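Chemist: For the sequence shown, the working numbering gives the first residue as 25, with consecutive numbering after it. Each residue gets a CB set at the ideal place from its N, CA and C atoms; glycine is no exception. Please read these numbers as outputs of a predicted model, since none were measured by experiment.
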Amino acid sequence: MVAKIVIGRSIRGILHYNENKVSAGDAKLILASGFAGEIERMDFKQKLARFENLNLLRPSVKTNALHITLNFDASEKLDNLKVQQIAIAYMEKIGFDEQPYLVYRHQDAAHQHIHIATTSITREGKPIDLNYIGQAQSEPARKAIEKEFNLVVAESKTYKIQPGIKPADAEKALYGHLPTKRAMSNVISVVMNQYRFTSLAEYNAVLKQFNVIADRGAEDTLMFQKKGLIYFLLDKYGQKVGVPIKASAFYSKPTLVNLEKKFERNEEKRKQYREPLKATIEKVFSRYDSITKNTFIRELQQQNINVLFRSNDQGYTYGLTLIDNQRKTVFNGSDLGKAYSAKGIMERLSAMDKPSQQQSKTQEQPKTWLKPPEQTNYLQVALAKYQPQAAPSVTRKKKKRKGQEQDQGLTL
Numbered sequence: 025m026v027a028k029i030v031i032g033r034s035i036r037g038i039l040h041y042n043e044n045k046v047s048a049g050d051a052k053l054i055l056a057s058g059f060a061g062e063i064e065r066m067d068f069k070q071k072l073a074r075f076e077n078l079n080l081l082r083p084s085v086k087t088n089a090l091h092i093t094l095n096f097d098a099s100e101k102l103d104n105l106k107v108q109q110i111a112i113a114y115m116e117k118i119g120f121d122e123q124p125y126l127v128y129r130h131q132d133a134a135h136q137h138i139h140i141a142t143t144s145i146t147r148e149g150k151p152i153d154l155n156y157i158g159q160a161q162s163e164p165a166r167k168a169i170e171k172e173f174n175l176v177v178a179e180s181k182t183y184k185i186q187p188g189i190k191p192a193d194a195e196k197a198l199y200g201h202l203p204t205k206r207a208m209s210n211v212i213s214v215v216m217n218q219y220r221f222t223s224l225a226e227y228n229a230v231l232k233q234f235n236v237i238a239d240r241g242a243e244d245t246l247m248f249q250k251k252g253l254i255y256f257l258l259d260k261y262g263q264k265v266g267v268p269i270k271a272s273a274f275y276s277k278p279t280l281v282n283l284e285k286k287f288e289r290n291e292e293k294r295k296q297y298r299e300p301l302k303a304t305i306e307k308v309f310s311r312y313d314s315i316t317k318n319t320f321i322r323e324l325q326q327q328n329i330n331v332l333f334r335s336n337d338q339g340y341t342y343g344l345t346l347i348d349n350q351r352k353t354v355f356n357g358s359d360l361g362k363a364y365s366a367k368g369i370m371e372r373l374s375a376m377d378k379p380s381q382q383q384s385k386t387q388e389q390p391k392t393w394l395k396p397p398e399q400t401n402y403l404q405v406a407l408a409k410y411q412p413q414a415a416p417s418v419t420r421k422k423k424k425r426k427g428q429e430q431d432q433g434l435t436l
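1. State the Cα-Cα distance for the pair I140 and F221, rounded to the nearest angstrom.
2. In whole angstroms, what separates the C-alpha of G241 from that of D153?
3. Would you be able to state if there are at least three C-beta pairs under 8 Å between the stretch 159-168 and the stretch 110-123?
4. Consult DSSP for L78 and reduce its assignment to one of helix, strand or coil.
5. Buried or exposed for G262, going by 16 or more other Cβ atoms inside 10 Å?
6. Might you give, ordered along the chain, the residues of its own chain that have their beta carbon closer than 8 Å to the beta carbon of R298, omitting 5 neighbours on each side?
7. Along the chain, which unbroken stretches of the alpha helix (DSSP H) at least 4 residues long are found entirely within the stretch 79-165?
8. If you count every other CB in all the chains shown that lies within 10 Å of the CB of Q123, and 16 or more means buried, which is it?
9. Kindly identify the DSSP beta-bridge partner or partners of Y255.
10. Taking the beta strand (DSSP E) that S314 belongs to, which residues open and close that run?
11. Among residues of its own chain, excluding the 5 on either side of R425, which ones have a beta-carbon nearer than 6 Å to its beta-carbon?
12. Straight-line CA distance for F68 to T341?
13. When you compare only the Cα positions, how much space is there between E243 and L253?
14. What's the C-alpha gap between H135 and L102?
15. Is K378 helix, strand or coil when you go by DSSP?
16. Which ranges would you report for the beta strand (DSSP E) in the stretch 287-372 if only whole runs of at least 3 residues count?
17. What is the DSSP secondary structure of K409, reduced to helix, strand or coil?
18. Around the C-beta of T245, are 16 or more other C-beta atoms found within 10 angstroms, so that it is buried, or is it exposed?
19. Give the single residue among N42, I321, S47, L344 whose Cα lies nearest to the Cα of S374.
20. Between Q233 and the rest of its own chain, which residues show a CB-CB distance below 6 Å, the 5 nearest in sequence each way excluded?
21. What does V30 pair with, by DSSP beta-bridge criteria?
22. Give the range of the alpha helix (DSSP H) segment to which L246 is assigned.
23. In the DSSP output, which residue or residues are listed as bridge partners for A56?
24. Opposite K264 in the DSSP bridges: which residues?
25. Counting C-beta neighbours from all protein chains within 10 Å, is the total for Q325 16 or more, i.e. buried, or is it exposed?
26. Which of helix, strand or coil does DSSP assign to K395?
27. Given this structure, state the Cα-to-Cα distance separating Y255 from L80, to the nearest angstrom.
28. Note down, in chain order, each residue of its chain lying with its Cβ closer than 7 Å to the Cβ of K352, except the 5 sequence neighbours on either side.
29. Under 8 Å Cβ to Cβ from S380, same chain only, skipping five residues before and after it: list those, please.
30. Helix, strand or coil: which one does DSSP assign to E429?
31. Which class does A51 belong to by DSSP, given the choice of helix, strand or coil?
32. Give the range of the alpha helix (DSSP H) segment to which I63 is assigned.
33. In the DSSP output, which residue or residues are listed as bridge partners for R220?
34. Are there three or more Cβ pairs, one per stretch, closer than 8 Å when the stretch 276-283 is compared with the stretch 328-345?
35. Report all residues from its chain with a CB closer than 6 Å to the CB of L175; omit the five preceding and five following residues, and keep chain order.
36. Would you check if the distance between the CB atom of N77 and the CB atom of I145 is smaller than 7 Å?
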């Protein structure tokens with residue numbers, strides 16, 4: 025299990041994000057703790073008021089909203105009851121069991137995960153200390169829960185998350201099946217909060233994966249000069265479709281001014297992921313004596329890394345962007361070093377694929393601890409002495425097969 029905590033200023037924004045997912049059929053509210061009455065009958069305002077009434081007890085604390093995600097291994101099959109128990113245990117272990125919180129189960133990615141919305145202001149008006157909450161409270165809680173609920177350990181080699189955001193469906197949005205704003209908002213919120221990008225171009229490289237793009241307009245327009253930003257849906261050909269929506273109209277406020285603040289912070293945050301990405305690239309090259317561009321792209325895609333080569337009209341490749349969806353980081357190739365720039369990578373690519381000899385041996389000869397048998401003339405001797413004999417009768421005892429226990433699923 026992997027736990028992530030995002031601390032912010034807007035519980036309203038967190039609720040909007042999750043409630044929009046519920047409205048779109050991509051999530052379901054499975055648990056409400058600390059709410060009086062039937063949660064099914066509560067509307068958005070009533071849910072929001074429960075949190076804001078606590079926040080008003082200590083208005084001087086602006087950073088009081090927590091958006092927690094618990095992510096499970098792709099192989100795990102967890103019913104709602106077990107997920108509820110995990111959420112309750114986690115909130116208790118990090119010291120939030122007395123706080124009101126809502127648990128949403130999302131279906132917008134390949135792996136199972138839940139989102140938890142809560143506030144750090146207690147009913148006495150005291151703020152819960154959030155300093156080092158990830159390292160001091162969340163990590164010990166995560167490890168204890170993995171043991172308690174027999175979950176796949178996050179540090180183990182078998183642990184695998186298949187991350188992903190469900191792309192905005194341009195056709196459904198255009199024909200009224202899915203409101204355009206909601207379709208884009210779901211994508212924008214996740215990309216803004218989870219990915220580490222340092223420029224508008226890098227931000228757009230991630231958004232385009234999910235059929236959305238941010239546009240400043242032409243340089244000679246007033247919108248460009250005023251640092252305005254609008255968002256478009258993209259069709260399956262990558263073309264802008266539908267009516268654009270201003271950045272300020274989204275709850276997450278993905279304006280250029282706010283994005284530029286993230287650019288600066290992300291410069292430092294993404295540094296730790298530079299070397300792991302370089303190591304992954306080198307591992308791909310090590311498997312081949314020569315490798316084509318298409319194979320290079322495909323190999324990295326299997327590691328959940330998208331490679332974008334940028335070329336001009338004459339076909340000259342002048343840029344390279346790497347989107348590491350596993351670690352949620354974006355790099356221009358040159359940011360990793362000269363050898364990983366567009367020119368450096370292109371010089372290492374070939375016209376044909378040739379797996380390395382070491383790789384071929386590994387594939388052809390499975391590893392074994394047995395020594396190869398010494399050559400003998402045993403077969404010749406055996407044939408020379410062969411005499412037909414009646415096969416002895418052997419009575420075999422049939423083994424009883426153990427009955428398999430049938431799992432009994434619990435429903436709420």
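Modeler: According to the structure data:
1. Between I140 and F221, the alpha-carbon positions lie close to 25 Å from each other.
2. 43 Å
3. yes
4. helix
5. exposed
6. F355, D359, L360
7. 104-117
8. It is buried - the Cβ of Q123 has at least 16 other Cβ atoms within 10 Å.
9. In the DSSP output, where bridge partners are listed per residue, Y255 has A238, I269.
10. 312-314
11. Interpretation of R425 is limited by its pLDDT of 45, a score under 50 that renders its predicted location unreliable; no figure is taken from the coordinates.
12. 50 Å
13. 12 Å
14. Pairing H135 with L102, the inter-Cα distance amounts to about 11 Å.
15. strand
16. 312-314, 329-335, 341-348, 353-356
17. Reliability fails at K409, whose pLDDT of 44 lies under 50, so the model's placement of it is uncertain and no value is given.
18. exposed
19. Scanning N42, I321, S47, L344 for the CA closest to the CA of S374 turns up I321.
20. none
21. H91
22. Here the alpha helix (DSSP H) through L246 covers 246-249.
23. L126
24. L258
25. exposed
26. With a pLDDT of 49 at K395, under the threshold of 50, the predicted position of this residue should be treated as unreliable, and no value is reported.
27. Here the C-alpha atom of Y255 lies approximately 34 Å from the C-alpha atom of L80.
28. Q218, Y219, R220
29. S310, R311, Y312, D313
30. Annotation note: pLDDT 42 at E429 (below 50); position unreliable, coordinate value reported separately. Note: E429 maps to coil in three-state DSSP.
31. strand
32. Secondary structure note for I63: it is in no alpha helix (DSSP H), with a DSSP letter that is neither H nor E.
33. T353
34. Taking a cut-off of 8 Å on C-beta distances, the stretch 276-283 does not touch the stretch 328-345, as fewer than three cross pairs fall below it.
35. M25
36. no
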